[in-house]
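To keep things clear, I will list the structure first and then write my remarks on it.
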Amino acid sequence: QVQLVESGGGNVQAGGSLRLSCLASGSTNLITATGWYRQAPGKQRELVAAINRSGTTSYADSVKGRSTISRDNGKMTVYLQMNSLKPEDTAVYYCNSIPRQFAWGQGTQVIVSS
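Following this note's numbering, the numbering of the sequence shown begins with 552 at its first residue and continues without gaps.
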């Protein structure tokens, strides 16, 4: 199995930046692609960014151009750099495989104030 721990969230003003981190441990060889998901209050969880083993990335339209997903295989960590944050980016952010295979971590809260 794989354990996932997210960190790096916080409270920021609109226009600010955050870098989220996802540390994986366990059978990480089972992961072929990793995604950052988010769940805003009252909304369903959605996938916002993805990266596969080759480093190919993709983004939801809602974050495209403002976010960058990257990975450090040596550190077993996937990052999500988020810039030009908007109040609508407020959510709990999670990482998991694509398709989701593992239990959700505790997530990291991002609050963007206008």
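A virtual CB, placed ideally from N, CA and C, is assigned to each residue, including glycine.
Check, Outcome
"In terms of residues, what are the limits of the beta strand (DSSP E) holding Asn634?", "It is not in any beta strand (DSSP E) - Asn634 carries neither H nor E in the DSSP assignment."
"In angstroms, rounded to a whole number, what distance separates the CA positions of Tyr630 and Glu557?", "9 Å"
"Would you kindly report the start and end of the unbroken beta strand (DSSP E) that includes Trp689?", "This structure gives no information on residue 689, because the portion of the chain shown stretches from 552 to 665."
"So Cys573 and Thr628 are in contact, right, with Cβ under 8 Å, and what is the actual spacing, rounded?", "6 Å"
"As a quick exercise: from Asn562, Asn603, Val614, Gly566, pick the residue whose alpha carbon is nearest that of Leu581.", "Asn603"
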